[in-house]
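In the UniProt record's numbering, the protein residues as written are 1 to 59.
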């Protein structure tokens, strides 16, 4: 997992069933944390896009 301190406020929130998604407006974070966060998030997003593309190709 990723552990990095940030100061943020909730920009938006969305409830779907028993799951809650939130968007954060980051106010302050340690130097270099942005790259750490993007490296951690990017692979998840890329995998989701690959799955969507495969599903679209099957139709």
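For glycine and all other residues, C-beta sits at the position ideal for the given N, C-alpha and C. Values in this document were obtained by computation on a predicted structure and should not be read as measured data.
For residue i, three-class secondary structure by DSSP
| i | result |
| --- | --- |
| residue 20 | strand |
| residue 25 | strand |
| residue 97 | In this structure the chain extends from 1 to 59, so residue 97 is not present and cannot be described. |
Residue i versus the options, residue with shortest Cα-Cα distance
| i | options | result |
| --- | --- | --- |
| residue 22 | 48, 33, 8 and 29 | 8 |
| residue 2 | 28, 57, 54 and 38 | 38 |
Own chain, CB closer than 6 angstroms to residue i, minus 5 neighbours either side, in chain order
| i | result |
| --- | --- |
| residue 13 | 22 |
| residue 28 | 7 |
Straight-line Cα distance separating residue j from residue i
| i | j | result |
| --- | --- | --- |
| residue 19 | residue 31 | 31 angstroms |
| residue 10 | residue 35 | 21 angstroms |
| residue 48 | residue 15 | 20 angstroms |
Cut-off 8 angstroms between Cβ atoms - residues of its own chain near residue i, not counting five sequence neighbours on either side
| i | result |
| --- | --- |
| residue 26 | 6, 7 and 8 |
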